[in-house]
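Engineer: Below you will find the structure I want to go over with you.
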Amino acid sequence: YLFTWDKFEEIQAITYKDINNIPGLKFNEGGHFDEKMGYQRLPKELFFLDGNVHISKHKRFAPLAVHIHDFVEINYMYSGKCTQSINGQKIELTEGDFCILDRDVPHSLEILGNNDILVNILLDNETLDSLFIYQLQKSRSLISEFLLKAFTEGSKHNQFIVLHTEKNDHIHSLVQSMFCEFLDKKDNYQEIIQLQNQLLIYQLTRLLMDEIKIEEELGASSRLKEIFEYIDDNYQQLSLTDLAKTFNYNATYLSSLLKNTIGKNFQELILEKKMITAENLLRKSHLSIEAITFEVGFKSTSYFYRQFKKKYGKTPLQYRRINNNEFNTKE
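Residues 3 to 333 (this note's numbering) are what the sequence shown spells out, left to right.
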């Protein structure tokens, strides 16, 4: 099916011009221009008519002009190769590669040839429910921030991620299954796709432990994994100076690298790690709140209370009463 020409591709193979194939889409006529951003913005309401996930094969034989949109896009190079321009930077994808595009990232696509099959998985903001985000966030690895940032409101959305799966058969089959579910549209297909999508994201999160490439700091990507793992192991009393010295970086440069890579400076990153760990201890342990405060590296209980309430909307004690049924709340 994926290699068969549809009626739009038959025309594009002759004209080499992109044809609108989404009802209501006026992309080629300039009908969705975003004055503030300076690009065509694809309206998400045209894609999510049946649910929070939309899957399609990119039409071959015509280039796609630069555009932006309000949803997260996952590209999977099912076969062949393609060249994209993302934030003005050329990116080459080969078979087995994924590219995760954040919201509002300007991107375009060069012509796909006959054997170039690119699968697009579009995710609305509501695709990842709060429980899944919570599970992903508490997975201990700060590297998950790369994916979480793309689905979080209020973040600066200016990144993309490229992952090389090296023709991973399991992931390849998973994408195939998702596409078939979307095309067949049998009972509960959207629910099944959302579960498959969560599995896919877990698989991609695992891959990030080995290889991640972000457009703002390509040269430093090989050391990011080591840096984040070191932070995971030493966050309680770690200073920026000590971290920079460990990895032979200038402290100012390292702070800028972290900020440009995941949108958080060193202090914000450490605070996030402490909050995630403290939240987990409140739910699962019988440690006193004072003990948890010092366990995660806070020197002041009052400061911990303020930061926890700011992030979770409740004090640590209130949060524990709600989420830890076995705990004796008399503290």
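Glycine residues also receive a C-beta, built at the ideal position from the N, C-alpha and C atoms.
#1: Which value, in whole angstroms, describes the spacing of the CA atoms of His174 and Leu66?
#2: Would you kindly work out how many angstroms separate the C-alpha atoms of Gly90 and Tyr18, rounded to a whole number?
#3: Indicate whether the contact test is met: 3 or more Cβ pairs, each with one atom in the stretch 37-49 and one in the stretch 82-97, closer than 8 Å.
#4: Can you pull the DSSP bridge partners for Phe162?
#5: For Gln238 and Lys276, what's the separation of their Cα atoms in angstroms?
#6: According to DSSP, is Glu97 part of a helix, a strand, or is it coil?
#7: Roughly how many whole angstroms lie between the Cα atoms of Arg323 and Lys301?
#8: To which residues of the same chain is Ala15 closer than 8 Å at the C-beta, ignoring the five residues directly before and after it?
#9: Excluding five sequence neighbours on each side, which residues of the same chain lie with their C-beta closer than 6 Å to the C-beta of Leu256?
#10: Which ranges would you report for the beta strand (DSSP E) in the stretch 24-49 if only whole runs of at least 3 residues count?
#11: Given a cut-off of 9 Å on the beta-carbon distance, is the pair Phe162 and His109 in contact?
#12: Per DSSP, what are the beta-bridge partners of Tyr78 in this structure?
#13: Skipping 5 residues on each side, what residues in its chain have a beta carbon closer than 6 Å to that of Lys316?
#14: Kindly list the residues whose CB is nearer than 7 Å to the CB of Asp52, restricted to its own chain and excluding five residues on each side of it in sequence; keep chain order.
#15: Taking only the alpha-carbon atoms, compute the straight-line gap between Phe249 and Asp99 and give it to the nearest angstrom.
#16: Looking only at DSSP bridge pairs, what is His69 linked to?
#17: Check this for me: beta carbons of Leu120 and His60, under 9 Å apart or not?
#18: For Thr85, name the three-state secondary structure that DSSP assigns.
#19: Who are Ser58's beta bridge partners in DSSP?
#20: Can Phe310 and Tyr321 be called in contact, C-beta distance under 9 Å?
#21: Take Arg285 and list the residues in its own chain whose beta-carbon comes closer than 7 Å to its own, dropping the five residues that flank it on each side.
#22: Count the other CB atoms, across all protein chains shown, that sit within 10 Å of the CB of Ala293; report buried if there are 16 or more and exposed otherwise.
#23: Mapping the DSSP letters down to three states, classify Lys169 as helix, strand or coil.
#24: Quick one, which of Glu37, Val55, His71 has its alpha-carbon nearest Leu27's?
#25: Going by DSSP in three states, Lys1 sits in which element: helix, strand or coil?
#26: Using alpha carbons as the reference points, say which of Asp235, Thr263, Ile195 lies closest to Leu1.
#27: Looking only at C-alpha atoms, which of Asn282, Leu283, Ser258 sits nearest to Leu271?
#28: Output the distance between the C-alpha atoms of Leu335 and Ile291, rounded to the nearest integer angstrom.
#29: First and last residue of the alpha helix (DSSP H) that includes Ser304?
#30: Which two residues bound the contiguous alpha helix (DSSP H) that contains Ala15?
#31: Following the continuous alpha helix (DSSP H) through Lys266, name the residue where it begins and the one where it ends.
#32: If I measure Cβ to Cβ from His56 and keep anything under 7 Å in the same chain, skipping five residues before and after, which residues do I get?
Structural biologist: Judging by the given coordinates:
#1: Distance from the CA of His174 to the CA of Leu66, rounded to the nearest whole angstrom, comes to 25 Å.
#2: Going by the C-alpha atoms only, they are around 22 Å apart.
#3: A contact is defined here as three or more CB-CB pairs under 8 Å, and the stretch 37-49 fails this definition with respect to the stretch 82-97.
#4: According to the DSSP secondary-structure assignment, Phe162 is paired through a beta bridge with Leu103.
#5: Rounded to whole angstroms, the separation of the alpha carbons of Lys276 and Gln238 is 7 Å.
#6: Three-state DSSP puts Glu97 in coil, outside helix and strand.
#7: Distance between the alpha carbons of Arg323 and Lys301 is about 24 Å.
#8: Only Trp7, Arg62, Phe63 meet the Cβ criterion.
#9: Leaving aside the five residues that flank Leu256 on each side, the residues in its chain whose CB is nearer than 6 Å to its CB run, in chain order, Ala246.
#10: Complete beta strand (DSSP E) runs here, min 3: 41-44.
#11: Yes, they are a contact pair.
#12: Under DSSP, Tyr78 forms a beta bridge with Phe100, Val121.
#13: Excluding positions up to five away in sequence, the list is empty.
#14: Same-chain partners within the cutoff: Gln192.
#15: Spanning the two alpha carbons is a distance of roughly 30 Å.
#16: Partner residues in the beta bridge of His69, as assigned by DSSP, are Gln42, His109.
#17: In this structure, Leu120 places its C-beta atom within 9 Å of the C-beta atom of His60.
#18: In the three-state reduction of the DSSP assignment, Thr85 falls in the strand class.
#19: Under the DSSP definition of a beta bridge, Ser58 partners with Asn122.
#20: In this structure, Phe310 sits near Tyr321, with a CB-CB distance shorter than 9 Å.
#21: Same-chain partners within the cutoff: Asn325, Asn326.
#22: Answer is exposed; the Cβ neighbour count stays below 16.
#23: The DSSP-derived three-state label of Lys169 is coil.
#24: That would be His71, whose Cα lies nearest to the Cα of Leu27.
#25: Residue 1 lies beyond the stretch modelled for the chain, which goes from 3 to 333, so this question has no answer here.
#26: Past the edges of the chain, shown from 3 to 333, lies residue 1, and the structure says nothing about it.
#27: With distances taken between Cα atoms, Leu271 lies closest to Ser258.
#28: For the chain, the structure presents residues 3 to 333; residue 335 sits outside this window and is missing.
#29: Segment 303-314, the alpha helix (DSSP H) holding Ser304.
#30: It spans 9-17 - the alpha helix (DSSP H) in which Ala15 sits, taken as one unbroken run.
#31: Note, Lys266: premise wrong, no alpha helix (DSSP H); not H, not E.
#32: Hits under 7 Å: Phe49, Phe50, Leu124.
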